[in-house]
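First the structure, in the form of structure tokens, and then the observations on it.
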Amino acid sequence: MKYSKNNILSITEIFKPKGPLVILVMLSLSLFLLKWLLSFYYFPDEKITMRIINDSHEDSYMYFHYIKSFSEMNFSNIYNAPSLQADLKVLPLGGIFIHTIFFKIFGIISFIFLEFISIFSFLFIYFSIFKKLKFNFEYSIFLSLLCFSLPFIASEANFLDIPEINTFVANFYNLRFPRPLIANLFFFYFIYLLVKFNLETSLNMRTLSKLAIILSLSFSSFYFLFFTEVIALSIISLLKIKEGFFLINKKNLSKLFFSLCIFIILIAPFLYFIINGSEAHLQRMGIIEIDFSDKIFLIKHYFSQLLNVKLLLIYVILIIIFFNIKKNYKKDFKNIFVFYIIFISSILSPIIFLLITNKISVLYHFNNTVVLCTLILFLVIFLFFLKNSTKVFVYIKNIHLISFSLFFLIFFNINIFNDYNKKIINKDNRNERNKIFQILSDKNIKINNLSLLTFDNKVMTWAILNNFKNINILDGQFSPRSHDLTDKSLVESFKFLKLEVLDFQKFIENKKRGYRYLNVDARSIYWLKYQANSSVTFEDSTDFDSEVLNFIKTSSPYYSHQFAIPKFEQKRLTKMFMEYDNETFKKPDLIILSNHNILDNAKIDPEQYCTIYKQKTLRAYLKKNIC
Numbered sequence: 092m093k094y095s096k097n098n099i100l101s102i103t104e105i106f107k108p109k110g111p112l113v114i115l116v117m118l119s120l121s122l123f124l125l126k127w128l129l130s131f132y133y134f135p136d137e138k139i140t141m142r143i144i145n146d147s148h149e150d151s152y153m154y155f156h157y158i159k160s161f162s163e164m165n166f167s168n169i170y171n172a173p174s175l176q177a178d179l180k181v182l183p184l185g186g187i188f189i190h191t192i193f194f195k196i197f198g199i200i201s202f203i204f205l206e207f208i209s210i211f212s213f214l215f216i217y218f219s220i221f222k223k224l225k226f227n228f229e230y231s232i233f234l235s236l237l238c239f240s241l242p243f244i245a246s247e248a249n250f251l252d253i254p255e256i257n258t259f260v261a262n263f264y265n266l267r268f269p270r271p272l273i274a275n276l277f278f279f280y281f282i283y284l285l286v287k288f289n290l291e292t293s294l295n296m297r298t299l300s301k302l303a304i305i306l307s308l309s310f311s312s313f314y315f316l317f318f319t320e321v322i323a324l325s326i327i328s329l330l331k332i333k334e335g336f337f338l339i340n341k342k343n344l345s346k347l348f349f350s351l352c353i354f355i356i357l358i359a360p361f362l363y364f365i366i367n368g369s370e371a372h373l374q375r376m377g378i379i380e381i382d383f384s385d386k387i388f389l390i391k392h393y394f395s396q397l398l399n400v401k402l403l404l405i406y407v408i409l410i411i412i413f414f415n416i417k418k419n420y421k422k423d424f425k426n427i428f429v430f431y432i433i434f435i436s437s438i439l440s441p442i443i444f445l446l447i448t449n450k451i452s453v454l455y456h457f458n459n460t461v462v463l464c465t466l467i468l469f470l471v472i473f474l475f476f477l478k479n480s481t482k483v484f485v486y487i488k489n490i491h492l493i494s495f496s497l498f499f500l501i502f503f504n505i506n507i508f509n510d511y512n513k514k515i516i517n518k519d520n521r522n523e524r525n526k527i528f529q530i531l532s533d534k535n536i537k538i539n540n541l542s543l544l545t546f547d548n549k550v551m552t553w554a555i556l557n558n559f560k561n562i563n564i565l566d567g568q569f570s571p572r573s574h575d576l577t578d579k580s581l582v583e584s585f586k587f588l589k590l591e592v593l594d595f596q597k598f599i600e601n602k603k604r605g606y607r608y609l610n611v612d613a614r615s616i617y618w619l620k621y622q623a624n625s626s627v628t629f630e631d632s633t634d635f636d637s638e639v640l641n642f643i644k645t646s647s648p649y650y651s652h653q654f655a656i657p658k659f660e661q662k663r664l665t666k667m668f669m670e671y672d673n674e675t676f677k678k679p680d681l682i683i684l685s686n687h688n689i690l691d692n693a694k695i696d697p698e699q700y701c702t703i704y705k706q707k708t709l710r711a712y713l714k715k716n717i718c
């Protein structure tokens with residue numbers, strides 16, 4: 092059967108009366124399926140837990156421990172069986188609660204299903220936004236797909252390697268959990284609600300309730316976006332009051348009070364974790380206290396970033412466009428104005444945040460939010476002018492929209508295919524992990540009864556999801572372990588592996604990596620405890636080699652992930668290693684080590700352990716009484 096234009100258009104007409112859901116579901120499946128089909132094709136025998144860890148986007152698996160903790164309502168697990176610790180791990184509740192509910196009901200397989208749901212939610216939200224902006228059905232469908240594909244298009248088109256484009260690609264939307272996979276959906280839905288709120292002529296309780304819920308979820312998942320949201324909502328509200336769209340009366344005040352109550356109730360659990368959270372865990376997450384002089388320094392630095400020539404040019408362009416739209420396109424100005432407010436709010440948010448808080452963490456996310464909101468504004472403006480260009484809209488018929496949609500789908504899936512082929516290059520490590528777990532399964536060993544020693548974050552995540560009670564070495568994010576226990580676990584493990592003091596010193600030494608100092612080995616243990624930039628160092632120390640210190644002093648305060656351990660701390664840890672008596676160390680049941688320039692020197696006692704696996708990238712050992 093030959094398909095003509097009319098045939099294709101008739102197909103769209105069949106779906107159209109049923110609303111956008113059918114089409115959006117089909118598009119979501121087209122965007123979702125290929126990655127998982129490739130996964131099952133190339134790794135047919137892989138266990139589901141490791142499959143999801145391996146095929147989660149980038150470092151998403153590093154946040155799975157939050158879901159496990161939340162599902163068990165166990166927020167103080169330090170995976171050190173003999174130890175007791177009451178301190179709480181701080182969880183990004185808003186970003187993980189949906190996954191937690193599904194994980195509790197359906198298990199780890201739910202992560203795959205929720206990836207599909209997230210893609211569908213993105214498309215549906217943007218479809219709804221474009222409908223609110225007066226685009227027709229077909230264009231709203233097409234533009235939602237375009238927006239989803241935009242990071243991939245921008246990445247391929249960024250031949251000049253423009254940093255702002257790279258920031259947009261990383262922060263607009265992708266499948267990295269929980270941000271932007273979940274957190275950004277809250278932000279996009281907020282945009283929809285704000286457009287809706289701005290068009291309403293009276294206070295709608297339903298809209299207010301939704302705004303309260305979304306704001307609470309944003310606050311407890313990614314507060315950098317929350318500050319932009321709450322400032323934008325405040326500005327729009329004040330303007331609506333000034334223009335007389337709604338009155339300050341008893342009825343409206345009761346609506347606002349009820350909405351505020353919803354917000355406070357929903358953020359209360361997150362605030363509880365913040366107030367009662369482990370100081371050590373908060374420090375490793377990068378939370379630092381600041382005083383007035385710190386605030387002045389950070390605000391000055393922020394303004395110096397804002398007022399560079401490139402950004403000033405962008406501001407001028409946006410101002411010119413603003414007045415042009417206001418003068419010539421009054422009918423559409425109200426909607427476009429909302430996106431200007433969001434853009435301005437993103438610029439104001441770090442200033443207001445710094446003024447009201449005495450603690451900060453990873454401030455560069457505010458800059459990323461400004462870039463995100465700026466490019467969203469430019470996108471909306473571009474589409475607005477396109478919409479008002481009669482010639483363009485006459486030319487681009489439904490058949491063309493379908494063709495463009497197919498092109499984006501093909502382009503996206505080619506990108507997925509290429510990315511997965513890059514993964515296949517490192518398949519040895521993946522296959523070897525699976526073989527180790529298969530050996531353990533074949534031996535009918537109750538793995539949750541084992542104690543584990545590994546430096547592999549993916550194996551740690553696998554162990555946590557499989558209910559291991561004792562994990563010797565643990566990534567600094569994964570538990571609220573005290574600093575003392577973290578140091579002790581590292582030293583004990585190095586001693587047990589019969590590594591020398593030079594190996595230990597190499598493990599904790601400061602190393603230049605790319606544009607910053609970053610020792611990935613030590614950072615995985617201590618995370619942001621030893622962040623180092625022009626704003627902060629550990630205990631405000633200047634005890635570094637001159638080369639390291641000079642670099643730190645001139646580095647941006649936004650280099651939150653720059654990592655450098657002061658010399659006095661390196662000496663303390665080295666002394667601890669040299670003097671530590673390891674006689675009381677409880678030897679692990681299972682050891683899994685990857686090839687590493689330091690760990691390759693490890694020596695496992697053949698009298699106590701049998702080698703169950705040793706190949707190209709991994710080796711594994713079991714206690715002899717178990718194997």
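Numbering (the working numbering), first residue to last: 92 to 718.
All residues carry an ideal CB built from backbone N, CA and C; glycine is no exception.
Could you compute how far the alpha carbon of residue i sits from the alpha carbon of residue j?
| i | j | result |
| --- | --- | --- |
| Gln661 | Phe277 | 43 Å |
| Leu446 | Lys386 | 7 Å |
| Phe674 | Asn509 | According to the sequence shown, residue 674 is Glu rather than Phe. Cα-Cα distance, rounded: 51 Å. |
| Thr645 | Trp618 | 21 Å |
| Lys707 | Pro269 | 33 Å |
| Arg521 | Glu698 | 29 Å |
| Leu184 | Phe281 | 18 Å |
| Phe228 | Leu251 | 36 Å |
| Pro135 | Gln529 | 13 Å |
| Glu139 | Ile527 | For clarity, residue 139 is Ile in the given sequence; the question names Glu instead. Between Ile139 and Ile527, the C-alpha separation is close to 14 Å. |
| Phe469 | Leu439 | 19 Å |
| Ala711 | Arg142 | 20 Å |
| Glu247 | Ser542 | 45 Å |
| Thr460 | Ile432 | 14 Å |
| Leu351 | Leu344 | 10 Å |
| Lys162 | Ile472 | It is worth fixing the name first, because residue 162 is Ser in this sequence and not Lys. Rounded to the nearest angstrom, the two C-alpha atoms are 43 Å apart. |
Put residue i into one of helix, strand or coil per three-state DSSP.
| i | result |
| --- | --- |
| Glu698 | coil |
| Arg604 | strand |
| Asn517 | coil |
| Ala711 | strand |
| Asn561 | strand |
| Gly186 | helix |
| Tyr511 | helix |
| Leu544 | strand |
| Ser293 | coil |
| Lys93 | Here the model assigns Lys93 a pLDDT of 47, short of 50, so the residue's position is not dependable, and the following value carries that caveat. Coil, per DSSP. |
| Ser369 | coil |
| Lys705 | strand |
| Leu205 | helix |
| Leu266 | coil |
Use the C-beta contact count for residue i: other C-beta atoms within 10 angstroms, 16 or more gives buried, fewer gives exposed.
| i | result |
| --- | --- |
| Arg267 | buried |
| Lys180 | buried |
| Asp578 | buried |
| Gly198 | exposed |
| Leu324 | buried |
| Asp636 | exposed |
| Phe263 | buried |
| Pro111 | buried |
| Lys694 | exposed |
| Asn187 | The question names Asn, but residue 187 is Ile in the sequence shown. By the neighbour-count rule (16 or more Cβ atoms within 10 Å), Ile187 is buried. |
| Asn165 | exposed |
| Phe348 | exposed |
Determine the closest residue to residue i out of the options, with distance taken between C-alpha atoms.
| i | options | result |
| --- | --- | --- |
| Cys464 | Pro269, Leu316, Ile200 and His372 | Leu316 |
| Leu389 | Thr258, Leu454, Ile353 and Leu439 | Leu454 |
| Asn525 | Leu184, Tyr283 and Ile703 | Ile703 |
| Glu638 | Val429, Phe279, Lys603 and Ser369 | Lys603 |
| Asp575 | Phe587, Trp553, Lys620 and Leu544 | Lys620 |
| Lys513 | Ile555, Tyr133, Val113 and Leu124 | Tyr133 |
| Phe499 | Cys238, Ser147 and Ile326 | Cys238 |
| Lys549 | Leu128, Asp146 and Met117 | Asp146 |
Report the partner residues of residue i according to the DSSP bridge assignment.
| i | result |
| --- | --- |
| Asn654 | Inspection of the sequence shows that residue 654 is occupied by Phe rather than by Asn. Its beta-bridge partners are Gln622. |
| Glu380 | Lys450 |
| Ile683 | Thr545 and Ala711 |
| Leu764 | Beyond the ends of the chain as shown, which are 92 and 718, falls residue 764; an answer cannot be given. |
| Leu179 | Gly368 |
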